[in-house]
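Student: Okay, handing you the structure first.
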């Protein structure tokens, strides 16, 4: 009986393999024939030859990717610090004072974290829970470490201080600048990284490595020349600025994600994801050069440059596949971030950002306050899951 079951299983697997599109074979053969490390191991391996590893983060809301990042960061083999797109750079002292304070009680730890979040950047609240998870995980790791082994975190985004904003016209002036100077924002974040990176190496030479988390195109280290002005010296991403400053010690990694947006589906019409599903791998990393994945046309979100001319290995040096995108978990809300004693601050800030009166803010934003004060998890809509399954199955059947 066992022999029959095994025979049937082999037969079915053979039929599935035989029925796959021929274009898929180079991808599946690469994954099957290579002894690939896990995503975590691959990221850590990069530090054998590089000092700076830039992750092109997927959806800001996804917490599954931060499970991977925190595994890397808290591993003893990681001898560096963390640099993030999220957070205004002028909050670095407050953040690191928290991360280094091993004497805080559990209650004090939560109070300090919530205080950091209320003033983290130029939004009324950065409600993505994964950043809370990141800071909390680093704090807990530091608590049992010697001073020389403690991890620092440096936010890189535009300077902002709520104490200096008193009305909507002031806020709108800042917001207009932030929205209309995308290139400048990338340069500013790049400069902030260099300043903090050099400071951190001087402060503690034993932790000179860097893990940089920048969302999507902010993490592209090589931007294709933009015609008809190929010599125009523009910088289109933070990672490009870092790479041009430290070309010998910088690398970047793509984590599996969608193409332009959810509704456009998976990259290269799902052939990447189909390959991983076919061989049963969902936690690996590898160099893109000399791989079918690296040789695939680049089709992710982009800004500036002629991307249709380049392949994945032009934009990225490496790739990690960490759980299918269908398993992403979107976690929003920071529990009790605005308790009753601080509700007034929330309504005042919403009045400033929205250009309305305090009474209007109070009337319009009660439900929003409830939402951000509690944690809620969601996944991709069924319609998107259906679309990506169709893309994957196209290659497998």
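Residue numbers (the working numbering): 4 to 400. In this text, a Cβ means the ideal position worked out from N, Cα and C, and glycines have one as well. Keep in mind it's a predicted model, so treat the numbers as computed, not measured.
(1) With DSSP collapsed to three states, give me the class of residue 29.
(2) Which residue's Cα is closest to the Cα of residue 334: 307, 344 and 378?
(3) Buried or exposed, going by whether 16 or more other CB atoms sit within 10 Å of the CB of residue 295?
(4) DSSP state of residue 288, grouped into three classes?
(5) Return the chain-ordered list of same chain residues with a C-beta closer than 7 Å to the C-beta of residue 374, the five sequence neighbours on each side being excluded.
(6) To the nearest whole angstrom, what separates the beta carbons of residue 156 and residue 87, a pair I think is in contact under 8 Å?
(7) Go ahead and label residue 182 buried or exposed: buried means 16 or more other beta carbons lie within 10 angstroms of its beta carbon, across all protein chains shown.
(8) Mapping the DSSP letters down to three states, classify residue 205 as helix, strand or coil.
(9) Let me confirm a value: residue 342 is counted as buried when at least 16 other C-beta atoms fall within 10 Å, else exposed. Which label applies?
(10) Could you give the first and the last residue of the continuous beta strand (DSSP E) run that contains residue 322?
(11) Excluding five sequence neighbours on each side, which residues of the same chain lie with their C-beta closer than 7 Å to the C-beta of residue 209?
(12) Just to confirm my understanding: we take residue 1, look at its own chain, exclude 5 residues before and 5 after, and list those with CB closer than 6 Å. What are they?
(13) With H, G and I counted as helix, E and B as strand and the rest as coil, what does DSSP make of residue 90?
(14) Look up residue 70 in the DSSP assignment and say whether it is helix, strand or coil.
(15) Alpha carbon to alpha carbon, how far is residue 18 from residue 356?
(16) Measuring alpha carbon to alpha carbon, tell me which residue in 61, 174 and 338 is nearest residue 117.
(17) Give me whichever residues DSSP pairs with residue 84 in a beta bridge.
(18) Just to confirm, is the Cβ distance from residue 205 to residue 53 under 9 Å?
(19) So, with DSSP's three-state summary, where would you put residue 372?
(20) For the ligand MN, is there a heavy atom less than 8 Å away from the beta-carbon of residue 310?
Tutor: In brief:
(1) If DSSP states are grouped into helix, strand and coil, residue 29 belongs with the helices.
(2) Considering only alpha carbons, the answer is 378.
(3) Buried: at least 16 other Cβ atoms inside 10 Å.
(4) Three-state result, residue 288: strand.
(5) Apart from the 5 residues on each side of it in sequence, residue 374 sits with its Cβ closer than 7 Å to the Cβ of 336 in its chain, given in chain order.
(6) That belief holds up - the Cβ atoms of residue 156 and residue 87 are roughly 7 Å apart, short of 8 Å.
(7) By the Cβ-count criterion, residue 182 is exposed, with fewer than 16 other Cβ atoms from all chains shown falling within 10 Å of its own Cβ.
(8) Correct three-state label for residue 205: helix.
(9) Residue 342 is classed as exposed because its beta carbon has fewer than 16 other beta carbons within 10 Å across all chains shown.
(10) For residue 322, the enclosing beta strand (DSSP E) starts and ends at 321–325.
(11) Only 82 and 151 meet the Cβ criterion.
(12) This structure cannot speak to residue 1, because the chain is shown only from 4 to 400.
(13) The answer is strand: DSSP assigns residue 90 an E or B state.
(14) In the three-state DSSP reduction, residue 70 falls in the helix class (H, G or I).
(15) Residue confidence is low: residue 18 scores 46 on pLDDT, short of 50, so the model does not pin down where it sits. No coordinate-derived value is stated.
(16) Comparing Cα-Cα distances from residue 117 to each of 61, 174 and 338, the minimum goes to 338.
(17) As a beta-bridge residue in DSSP terms, residue 84 pairs with 213.
(18) Contact: no.
(19) Three-state result, residue 372: helix.
(20) Among the ligands in the structure shown, none appear at all, so the ligand MN cannot be discussed.
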